[in-house]
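S.K.:
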Amino acid sequence: MIEHPENREEYKGLAVNSGVEQPSSVNPYLKSRRLPKKRSLSVADYVEGILKGDVTVLSRAVTLVESLLPEHQAIAQEVIEKCLPHSGRSMRVGISGVPGAGKSTSIDVFGLHVLKEKGGKLAVLAIDPSSERSKGSILGDKTRMEKLSVHPDAFIRPSPSAGSLGGVARKTRETIVLCEAAGFDKIFVETVGVGQSETAVHSMVDFFLLIQLAGTGDELQGIKRGIMEMADGIIINKADGNNIEKAKLAATQFRNALHLFPARASGWMPRVLTYSGFYNIGVKEIWDMVYEYMAFVKENGYFEHRRNEQSKYWMYETINEHLRDSFYHNPLIEEMLPSWEARVLGGQVTSFAGARKLLDTYFSEIRKQE
Ligand code: GDP
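Everything in the sequence shown is counted per my numbering, starting at 1 for the first residue and increasing by one.
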């Protein structure tokens, strides 16, 4: 074998790369077959694609719903309106829990379970209250739900990432309409938070599942009363290995606590179950409970009632959001706000007088524009 010159003693430790031509960062073989530019779709194209169950078109429509551009919003609103008559025929379940509670592990097995038992199609959406700050969301991320993400009947969409919690929640609410029109008859809405995002999810689902963990002995202290009141089912995860007894104890504590709450308008008594998402133990019982609830509230009329209340809620929420946006984005108001805030802080005017002045200015501006 010929000794390579660079291996000689005098070159020891030297790496010589000259003569090695670096390839272009553009793949030359791709040049000839440039990808076609995405064809823009009309409202009719969107609606037709969605009603046919075309997931690519559905994804693009959801992107429009999430877009902040007014022209996108205008198309999105038309598409939603046309899809509305084809929506509503689904089971919507909210799933909440602190980070690490096992939401992704559980949603993966829950999704597979309901698809196997009941067939149909499942959409997993998310509301991430931190997305505004982090400018990206992890909730509902495909990679967190390994098996579901490759299931042909599942559609997973992360949380919309821009805007206030109210805005993010509204977009998810609108995405539900599109998914249902595309034939998704099971909708999971995932969230993580300490109250507000649960309220948002609660206002768009039929059943609210709260995932809890056992272990610290004071699990009831860390959980907000309001969240307990929203839950239709509390499920204690990780009831496996030497955690089973602790999980059972936590379940008893939750059951006792639930008895102290007033009866629900639905007539349903929330249940507490233990399970293991990781080992797939107790999953069937959870979904038997959810289906039992659905049959129960459909029978007694509460299902219809809750959905009507939710539609009303979203109408007022949307009005509030638009009024707030219009006020705070008014150029004159934007200019005046800091100085009036300073005056209130300095004690020169009261909070109420400051608010009055700003509101009066806003309304007279609006009148001028008419
Ligand atoms: P998320 O943050 O709520 O989505 O929680 P993950 O699903 O990512 O789970 C957090 C951690 O808990 C991971 O390391 C999981 O493997 C683990 N985990 C989830 N479910 C179970 C369970 O049923 N039993 C046990 N022992 N561990 C679990």
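Note that beta-carbon positions come from the ideal geometry of N, C-alpha and C, so glycine has one too.
So, for L112: in the same chain, excluding its five sequence neighbours on each side, which residues have a beta-carbon less than 8 Å away from its beta-carbon?
M.R.: Here residue 112 refers to the residue found at position 112 of the sequence shown. Spatial neighbours of L112 in its own chain (CB-CB distance under 8 Å, excluding positions within 5 residues in sequence) are listed in chain order as K147, L148 and H151.
S.K.: Since V65 and A126 should fall inside the 8 Å C-beta cutoff, what is the C-beta to C-beta distance between them, to a whole number of angstroms?
M.R.: To locate residue 65, count along the sequence shown from 1; it is residue 65. To locate residue 126, count along the sequence shown from 1; it is residue 126. V65 to A126, Cβ: 14 Å. No contact.
S.K.: Is S149 near the ligand GDP, in the sense that its beta carbon is under 7 Å from a heavy atom of that ligand?
M.R.: Counting from 1 along the sequence shown, the entry for residue 149 is found at position 149. No; taking the cut-off as 7 Å, the Cβ of S149 has no heavy atom of the ligand GDP nearer than that.
S.K.: Any idea what DSSP makes of R271, helix, strand or coil?
M.R.: Position 271 of the sequence shown, counting from 1, holds the residue named residue 271. Strand.
S.K.: Comparing C-alpha positions only, which one of N280, Y302 and D360 sits nearest to I107?
M.R.: Taking the sequence shown and counting its residues from 1, one reaches residue 107 at position 107. With distances taken between Cα atoms, I107 lies closest to N280.
S.K.: Give a yes or no on contact between the segment 243-252 and the segment 282-301, applying the rule of three or more CB pairs nearer than 8 Å.
M.R.: no
S.K.: Taking its Cβ as the centre, do 16 or more other Cβ atoms sit within 10 Å of Q212, making it buried, or is it exposed?
M.R.: For the purposes of this step, residue 212 is identified with residue 212 of the sequence shown, where counting begins at 1. With 16 or more Cβ atoms within 10 Å of its Cβ, Q212 is classed as buried.
S.K.: State buried or exposed for K103, treating a residue as buried only when at least 16 other CB atoms are found within 10 Å of its CB.
M.R.: Counting from 1 along the sequence shown, the entry for residue 103 is found at position 103. With 16 or more Cβ atoms within 10 Å of its Cβ, K103 is classed as buried.
S.K.: Taking the Cβ atom as the reference point for each residue, do L210 and I234 lie within a distance shorter than 8 Å?
M.R.: Within the sequence shown, the letter at position 210 stands for residue 210. Within the sequence shown, the letter at position 234 stands for residue 234. Yes, Cβ-Cβ distance for L210 and I234 is below 8 Å.
S.K.: Could you tell me which of Y362, A154, R170 and A355 sits nearest to Y316, measuring between CA atoms?
M.R.: The count along the sequence shown starts at 1 and reaches residue 316 at position 316. Taking only the C-alpha atoms, the option nearest Y316 is R170.
S.K.: Are the CB atoms of F208 and M230 within a distance shorter than 8 Å?
M.R.: The count along the sequence shown starts at 1 and reaches residue 230 at position 230. The count along the sequence shown starts at 1 and reaches residue 208 at position 208. The Cβ-Cβ distance between M230 and F208 falls below 8 Å.
S.K.: What separation, rounded to the nearest whole angstrom, lies between the Cα atoms of K357 and S351?
M.R.: Taking the first residue of the sequence shown as position 1, residue 357 is located at position 357. Taking the first residue of the sequence shown as position 1, residue 351 is located at position 351. K357 and S351 have their C-alpha atoms spaced approximately 10 Å apart.
S.K.: So, for I366: in the same chain, excluding its five sequence neighbours on each side, which residues have a beta-carbon less than 7 Å away from its beta-carbon?
M.R.: Working through the sequence shown from its first residue, we reach residue 366 at position 366. Cβ within range, chain order: n/a, list empty.
S.K.: Contact check, S266 vs K238 under 8 Å by CB: the rounded distance?
M.R.: On the sequence shown, position 266 is the one that residue 266 refers to. On the sequence shown, position 238 is the one that residue 238 refers to. Rounded, the Cβ-Cβ distance is 29 Å, inconsistent with contact.
S.K.: For I319, count neighbouring Cβ atoms within 10 angstroms of its own Cβ and tell me buried if that reaches 16, exposed if not.
M.R.: For the purposes of this step, residue 319 is taken as the residue at position 319 of the sequence shown. By the 10 Å Cβ count, I319 comes out exposed.
S.K.: Could you give the DSSP three-state label for T318: helix, strand or coil?
M.R.: Counting from 1 along the sequence shown, the entry for residue 318 is found at position 318. Helix, per DSSP.
S.K.: Enumerate, from N- to C-terminal direction, the unbroken alpha helix (DSSP H) stretches of 4 or more residues contained entirely within the segment 187-252.
M.R.: 196-202 and 225-230
S.K.: Quick check: is any heavy atom of the ligand GDP less than 7 Å from the C-beta of A247?
M.R.: Within the sequence shown, numbered from 1, the residue matching residue 247 stands at position 247. Taking 7 Å as the cut-off, the C-beta of A247 does not count as close to any heavy atom of the ligand GDP.
S.K.: Determine the burial state of R264: buried for a count of at least 16 other Cβ atoms within 10 Å of its Cβ, exposed for fewer.
M.R.: Here the question's residue 264 lines up with position 264 in the sequence shown. By the neighbour-count rule (16 or more Cβ atoms within 10 Å), R264 is not buried but exposed.
S.K.: Determine the direct distance from the alpha carbon of Q73 to that of S364, and round the result to whole angstroms.
M.R.: As a first step, residue 364 is located in the sequence shown; it is residue number 364 there, counting from the start. As a first step, residue 73 is located in the sequence shown; it is residue number 73 there, counting from the start. C-alpha separation (whole angstroms): 27 Å.
S.K.: Classify V92 as helix, strand or coil using the three-state DSSP reduction.
M.R.: Your numbering for residue 92 matches position 92 in the sequence shown. A quick correction: the sequence has Arg, not Val, at residue 92. Correct three-state label for R92: strand.
S.K.: At which residues does the alpha helix (DSSP H) containing I107 begin and terminate?
M.R.: The count along the sequence shown starts at 1 and reaches residue 107 at position 107. Element bounds for I107: K103 to K118.
S.K.: Could you compute how far the alpha carbon of G166 sits from the alpha carbon of I156?
M.R.: As a working mapping, residue 166 is identified with position 166 in the sequence shown. As a working mapping, residue 156 is identified with position 156 in the sequence shown. Going from the Cα of G166 to the Cα of I156 covers about 21 Å.
S.K.: Do S59 and V177 have their beta-carbon atoms positioned less than 8 Å apart in this structure?
M.R.: Translated into the one-based positions of the sequence shown, residue 177 becomes position 177. Translated into the one-based positions of the sequence shown, residue 59 becomes position 59. Not a contact, by the Cβ cut-off of 8 Å.
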